[in-house]
Structures are given as C-alpha cells and as structure tokens.
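The next block holds one structure in the form of structure tokens; read it before the comments.
Right, here's the structure in full:
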C-alpha cells in the first residue's frame with residue numbers, strides 16, 4: 016500500500032468493537048487536568064460517564080459536581096477509600112499527585128473497580144509494583160493513561176513503521192519542554208515536591224512522553240539508558256531535573272536521544288529516522304499532533320484535528336472493559352517506564368550507562 | 016529589535032571587509048566533494064581562484080585541470096609535499112581522507128602557505144595538535160572548514176540567540192544521518208577504514224555538524240559527553256559507529272542530545288529550546304538551510320537560497336587572509352571538536368560520562 020493511502024484513510028478508532036454500554040467513572044483528583052480536559056472529554060465520549068467526584072475537600076468535590084449533570088456523589092479521598100457510594104461507579108480515573116496513586120488504586124481494587132491511572136504510575140518502582148499486585152489479586156483491570164496510544168496520528172505512525180515504510184528504525188529524537196512556573200505560578204506545587212512526584216519532575220512528568228511514545232511507535236522496549244540532569248532555579252531545589260537529557264537503547268537496537276525540561280519554552284517533538292525514510296510528530300504531545308512522513312516517494316502530512324486525546328483514551332478503556340478484552344497499557348507496561356525513569360535518574364547520578 | 020526585522024534584513028556577508036585581491040588556492044584531494052562543490056564555488060567567489068590541483072595520480076589531477084581555466088599546475092601529492100610550483104598558490108584547501116590532513120598541512124606550512132582544512136581536523140587528537148604546532152611555527156594561518164559558520168541562516172540563528180530572543184538556551188537536539196553506501200556503493204571506502212578516518216565514521220563525519228554548529232550558535236564549548244554506538248552492517252565492521260547517540264554538556268549549561276548515522280535516511284536538523292522561545296534549522300547541514308524561530312511573538316522562517324555554503328566559506332577565509340585578520344575556526348577551535356569526538360568514543364566504550 017502506498018503512503019498516500021494511509022493519509023487518505025479517515026481517522027478511525029481501529030480498536031472500537033463496542034457501541035453500546037456505559038462505564039461509570041469516579042474521578043479521583045480534581046486538578047486542572049481533570050476539570051479542563053477530562054470532564055469535557057468524558058461528556059463527549061461514547062461509552063463513559065462521570066458519576067462520582069473525589070477530592071481533598073467536600074467543598075471542592077461539590078464545586079466540580081455542580082458542573083456535571085450525571086453526578087451521583089461527591090466525596091473526600093477518605094470517604095472514597097472507605098467505600099462510599101461504590102454502587103454508583105464501575106471504574107476510577109486517578110489523577111492525583113504521583114505518590115497517591117497506589118493508595119487510591121489499592122482502594123479501587125478492594126472495591127472491585129477497574130483502574131485508569133495517570134502516568135507515571137507512581138512515585139517509585141516499588142509503589143507501582145504494589146499497584147499491579149493489588150489489581151491482580153482483586154482481578155480488576157489496571158490501565159495507565161498514556162493518551163498518545165489512542166492519538167490517531169501516533170497510531171498512524173506506528174502502522175507506517177510496522178509496515179516498513181521508513182525501513183528499519185535507527186535513531187529517535189524526542190523533546191518535551193514546558194514552562195511549568197508560568198502555567199502554575201505556585202513555587203510550592205506537588206510536581207516540585209519529591210515526596211509527591213517521586214524521582215524528579217521533568218523526566219517523570221514530561222520525558223515519559225518521548226520515552227513511551229517511542230516504545231509504542233517502534234513496538235520496542237527500553238534496555239539501557241544514559242542521562243545528565245541539573246536543577247538551578249530555586250523552585251527546583253528539591254528535584255534533580257529542572258532539565259535533563261537522556262538516551263535510551265530499545266530492544267530493537269534503536270537509540271533515542273531526548274531532552275526535557277519543566278522550565279523552558281513549550282516545545283514537543285518526536286522524530287524517527289529509519290533506513291528508508293523518517294517521520295516527525297510535531298507538535299507531538301500537546302493535543303493536536305501533526306505527523307509528517309518522508310521517504311523517497313515524497314512527504315505526507317496530517318493532523319487529526321477532530322479527535323480529542325482524552326475522549327479517545329476514555330472510550331478505549333471503556334471499550335476494553337465492556338468487551339472483556341485486555342488493555343494495551345497495563346500495569347506491567349507502565350512499570351517498565353517506571354524502571355526506565357528510575358534508571359535514568361540513577362544513570363545521571365552515577366555518570367554511567369545503566370542496563371534495565 | 017523585533018524578530019521580523021532580523022528576517023526582513025537581506026542576507027549579508029557581515030564579515031566581508033575586502034572587495035579587492037585574490038587568494039590563489041591549491042586544492043589537495045580531488046574527491047566528489049572538491050569536484051562537485053568546491054571548484055564551482057571557488058569559480059563563483061569574489062576573492063578566490065584555483066591555480067593548482069593535487070591528487071594521487073598525475074592523470075586525475077590533469078583530468079580535473081582540464082575543467083579549470085585558471086589552473087597553473089596539476090601534480091601528485093608527493094610533488095606537492097616536495098614543493099612543486101609553490102610560486103603558483105597562496106593557500107591550500109585540504110580535502111583528503113582525515114589521516115592525511117596532517118602531512119599536507121605540515122607541507123603547506125613548510126612552504127609558507129595558509130591552510131584551509133576540511134573537518135574533522137585529522138584522524139586523532141595528537142595529529143591535530145601537530146598540525147597546530149606546524150602552522151604556528153611557520154606563522155601561517157590554519158582554518159578548519161566548518162561551512163555552517165558562514166551559512167547565513169546559521170549566522171542569523173547565532174544572532175537571534177545572542178540577542179536573547181529565545182531566552183537562555185536550555186536544550187539542543189541534533190540529527191545528522193545519510194545513506195553513505197547508497198551515495199558511494201564502494202564498501203571499501205576511506206570513511207569506513209579506521210586507518211584513514213580515525214576514531215570512527217558517523218560521529219567524525221556527521222556528528223561533528225550538530226556538535227560544532229551548536230557550539231557556534233550557542234557560543235559555548237563542550238565540557239562533558241555521553242554516548243552509545245554500534246555497528247551491525249558488514250561494511251561497518253571496522254568502525255564502531257554505524258550509528259551513535261551522544262549527549263554533550265556545553266559550558267553554558269546547555270545539554271545537546273544528538274543522533275548520527277552513515278547508514279540511515281538522509282535527515283539533518285538542529286533544534287535549540289530556550290526559556291522564551293525555540294529555533295529549528297531543518298534541513299540543517301545539507302546546503303539549503305532553513306531557519307525557523309518561534310517565540311510568544313509568533314513564528315518566523317527563512318532560507319538563504321542564494322548563498323552557496325562553500326563559496327561563503329572560501330571567501331570568508333580569503334577575506335581574513337587579505338585583511339590580515341584572524342579566522343574564527345582556527346586550529347584550537349577544531350582541536351576541541353577532536354577532543355570531544357575522542358571523548359564520545361571513549362564514553363561509549365566505557366559506558367561513562369567523560370569530562371573534557
């Protein structure tokens with residue numbers, strides 16, 4: 016099939032098998048991501064609805080509740096953990112600070128609820144492992160919310176690579192930077208507190224995008240890493256990586272060279288160079304993703320403007336639950352990223368290449 | 016000054032101070048680069064002329080001679096070393112395999128001729144040091160032919176950074192890949208022979224572009240490196256880096272993450288992300304270089320289609336000789352890249368971060 020046909024095909028949900036049924040969600044953690052992106056996305060989704068809101072205070076949960084017609088209950092984290100209103104939801108979406116993911120995933124597992132958990136999975140490898148055990152023991156589905164996996168242009172990139180159009184992948188470049196302090200002027204926020212964020216901030220929160228999206232597009236896993244990182248700005252005094260560079264060797268032999276910073280101009284891209292062509296996702300990780308593929312046959316470009324990444328993500332998760340099918344980004348998938356991120360921090364600290 | 020004004024200004028030779036005078040060149044090494052790019056560029060230049068052709072055989076030198084009206088002599092390398100026709104040229108341009116640069120630079124120095132030498136300077140750090148000593152002792156100018164330094168879009172990028180338009184530079188990404196075996200089907204070529212190329216092939220020949228162009232645009236020097244590299248294809252059996260990833264820390268604190276391969280699809284780019292904006296050179300290193308700068312004020316883009324990079328390079332070198340001024344990319348400038356490249360190979364071998 017020639018490349019033009021890939022780009023001519025309408026953006027389709029190639030994973031969608033269910034058109035009926037609804038998964039009722041408890042949203043655990045009501046920060047700006049949940050309120051600005053998740054609630055509107057679920058409202059537009061085919062298979063999902065929000066029925067429970069969980070936050071630190073009853074007031075905040077009530078406030079969000081006022082905007083959601085389908086809401087059945089608003090509660091505190093403690094009430095959620097204690098099992099309030101479990102009859103009102105089927106699954107939980109966890110978007111709290113990283114170090115709280117385990118507690119709420121374990122509570123969800125005890126309540127017999129499926130878990131969609133934001134990335135990175137937790138603050139540490141050990142906590143991520145405990146989440147997997149809890150969900151396995153309870154027999155509930157655990158999925159890590161890598162929204163790039165359901166982004167149509169990323170799925171198209173994966174198909175282009177799998178079908179050999181750029182030849183054998185050889186080199187990857189990934190960049191993910193944003194001005195965190197301009198987005199949220201609070202110098203005392205959780206992403207800068209190691210007790211809440213984990214190993215650091217830029218690699219955990221941003222570097223995970225090129226690390227994981229390359230995994231997905233290449234269909235390959237990381238096996239070795241290198242890194243340098245530094246913090247200079249006072250707001251980053253407690254985390255090691257105001258900015259970082261890291262390299263990853265994947266198990267197909269591809270090398271990725273990545274840069275990331277929570278204190279730089281908004282810039283996202285992912286480039287893959289193969290033996291017979293290259294592809295670029297730019298912007299890559301901030302919603303409207305543009306894919307460009309170049310081979311000896313020419314250059315092709317597209318953006319899936321009509322698809323909302325969080326809507327795709329929620330409907331995919333719900334589809335798999337309703338169909339009784341496995342999810343792609345399960346706990347073990349997320350755990351491998353946690354191990355890679357821990358190794359990236361270790362590599363920077365030791366000045367050595369670390370094998371996973 | 017707002018960014019639009021930088022892009023509105025005509026492409027100018029901001030270094031040109033001389034309009035009269037001619038530097039007569041002996042071209043040492045008549046491979047495809049010299050015949051396809053250098054001879055036409057010198058013919059179009061303001062301040063340069065080719066008067067001597069030097070090659071391995073008198074036949075080859077004669078053949079090239081037949082195309083150059085201004086030629087006074089064609090000779091073998093041995094005749095050049097022995098001082099034939101020294102009255103017919105003022106400077107030499109060396110474009111032989113890397114490990115022959117020293118011998119011909121030392122000969123030129125003995126003859127009192129200025130030296131424009133292709134990058135990388137030599138096959139090893141020690142040979143590069145010897146070239147500097149020879150030229151210093153003879154009091155002749157030595158310049159390393161980094162054509163990106165006179166590329167108008169690269170000079171514009173350097174000005175945009177120096178004037179603070181992207182804020183403080185934080186992260187760099189560089190890519191330089193080409194399909195060497197498709198460009199030259201000979202599996203037994205000098206770039207794949209460690210006796211002729213030096214430490215390796217991809218970093219020496221291609222990786223040097225992002226390494227050095229970032230130095231120039233940032234006005235910063237490398238201080239530490241990391242790398243992973245591998246060779247798989249039989250043609251690369253004798254060199255360690257059919258492909259490589261390497262990271263560089265510059266003395267301004269910026270990190271560069273780079274990929275390079277002599278066995279991948281033609282891809283060149285350099286991205287710099289600062290605190291207030293970013294810039295992209297893409298294509299970066301293969302003649303028509305396009306610069307894009309993005310800040311909160313918008314996106315600006317340009318290509319200097321009218322400027323020939325080798326013509327700019329030769330006229331800059333001649334301008335400095337005629338004016339009696341120093342050159343930017345002197346031997347010490349080139350030597351630092353040689354040390355960085357040696358360290359990149361050492362870092363890959365040892366699996367450690369190497370400080371320069």
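Residue numbers (our numbering), protein chains in the order written: chain Y, 16 to 371; chain S, 16 to 371.
Just so it is clear, CB atoms sit at the ideal spot from N, CA and C, and this is done for glycine as well.
Residue burial classification, residue i (beta-carbon count within 10 angstroms, cutoff 16)
i, result
"residue 59 of chain Y", "exposed"
"residue 34 of chain S", "exposed"
"residue 166 of chain S", "buried"
"residue 247 of chain Y", "exposed"
"residue 330 of chain S", "buried"
"residue 370 of chain Y", "exposed"
"residue 162 of chain S", "buried"
"residue 70 of chain Y", "buried"
"residue 19 of chain S", "exposed"
"residue 80 of chain S", "buried"
"residue 252 of chain S", "exposed"
"residue 314 of chain Y", "exposed"
"residue 338 of chain S", "exposed"
"residue 17 of chain Y", "exposed"
"residue 258 of chain Y", "buried"
Rounded separation between residue i and residue j - CA only
i, j, result
"residue 335 of chain Y", "residue 28 of chain Y", "13 Å"
"residue 328 of chain S", "residue 56 of chain S", "9 Å"
"residue 92 of chain S", "residue 117 of chain S", "13 Å"
"residue 47 of chain S", "residue 199 of chain S", "10 Å"
"residue 151 of chain Y", "residue 232 of chain Y", "27 Å"
"residue 133 of chain S", "residue 125 of chain S", "19 Å"
"residue 220 of chain S", "residue 352 of chain Y", "34 Å"
"residue 21 of chain S", "residue 321 of chain S", "17 Å"
"residue 120 of chain Y", "residue 137 of chain Y", "10 Å"
"residue 185 of chain S", "residue 177 of chain S", "14 Å"
"residue 297 of chain S", "residue 62 of chain S", "30 Å"
"residue 104 of chain S", "residue 144 of chain S", "25 Å"
"residue 309 of chain Y", "residue 181 of chain Y", "8 Å"
"residue 24 of chain Y", "residue 260 of chain S", "35 Å"
"residue 192 of chain S", "residue 78 of chain Y", "54 Å"
"residue 141 of chain S", "residue 236 of chain S", "20 Å"
"residue 183 of chain S", "residue 169 of chain S", "18 Å"
"residue 106 of chain Y", "residue 280 of chain Y", "36 Å"
"residue 164 of chain Y", "residue 268 of chain S", "34 Å"
"residue 348 of chain Y", "residue 149 of chain Y", "16 Å"
"residue 68 of chain Y", "residue 154 of chain Y", "24 Å"
Nearest neighbour of residue i, chosen from the options [CA to CA]
i, options, result
"residue 114 of chain Y", "Y:318, Y:296, Y:211, Y:227", "Y:211"
"residue 228 of chain Y", "Y:331, Y:178, Y:301, Y:204", "Y:301"
"residue 245 of chain S", "S:362, S:296, S:271, S:149", "S:362"
"residue 350 of chain S", "S:23, S:323, S:139", "S:139"
"residue 26 of chain S", "S:17, S:324, S:230, S:299", "S:324"
"residue 128 of chain S", "S:77, S:41, S:182", "S:41"
"residue 273 of chain Y", "Y:294, Y:77, Y:243", "Y:243"
"residue 250 of chain Y", "Y:216, Y:73, Y:355", "Y:216"
"residue 130 of chain Y", "Y:223, Y:341, Y:364", "Y:341"
"residue 390 of chain Y", "Y:225, Y:65, Y:278", "Coverage of chain Y is limited to positions 16 through 371, which leaves residue 390 of chain Y absent and any answer about it impossible."
Distance CB(residue i)-CB(residue j) smaller than 8 Å
i, j, result
"residue 158 of chain Y", "residue 344 of chain Y", "yes"
"residue 195 of chain S", "residue 254 of chain S", "no"
"residue 264 of chain Y", "residue 238 of chain Y", "yes"
"residue 85 of chain S", "residue 43 of chain S", "no"
"residue 172 of chain Y", "residue 45 of chain Y", "no"
"residue 358 of chain S", "residue 240 of chain S", "yes"
"residue 187 of chain S", "residue 286 of chain S", "yes"
"residue 333 of chain S", "residue 38 of chain S", "yes"
"residue 100 of chain S", "residue 87 of chain S", "yes"
"residue 190 of chain S", "residue 282 of chain S", "yes"
"residue 317 of chain Y", "residue 299 of chain Y", "no"
Any non-hydrogen atom of the ligand SAH within 7 Å of residue i CB
i, result
"residue 214 of chain S", "Although the ligand SAH was asked about, the structure shown includes no ligands whatsoever."
Members of the stretch 272-287 of chain S that neighbour chain Y once the beta carbon cut-off is set at 9 Å: 272, 273, 274, 275, 276, 278, 279, 280, 281, 282, 284, 286
Cβ-based contacts, 8 Å cut-off: residues of the stretch 159-183 of chain S near chain Y: 181, 182
Interfacial residues, the stretch 186-199 of chain S to chain Y, with Cβ spacing under 7 Å: If the cut-off is 7 Å between Cβ atoms, the stretch 186-199 of chain S has 186, 188, 190, 192 near chain Y.
Interface residues of the stretch 243-262 of chain Y facing chain S [CB-CB below 8 Å]: 243, 245, 247, 258, 259, 260, 261, 262
Interface residues of the stretch 209-241 of chain Y facing chain S [CB-CB below 8 Å]: 239, 241
Against chain S: residues of the stretch 116-138 of chain Y by CB proximity under 8 Å: none
Near-chain S residues of the stretch 291-305 of chain Y (beta-carbon distance less than 7 Å), N- to C-terminal order: 291, 292, 293
Contacting positions in the stretch 88-118 of chain Y - beta carbon closer than 8 Å to chain S: none
Near-chain S residues of the stretch 339-371 of chain Y (beta-carbon distance less than 8 Å), N- to C-terminal order: Residues 366, 367, 368.
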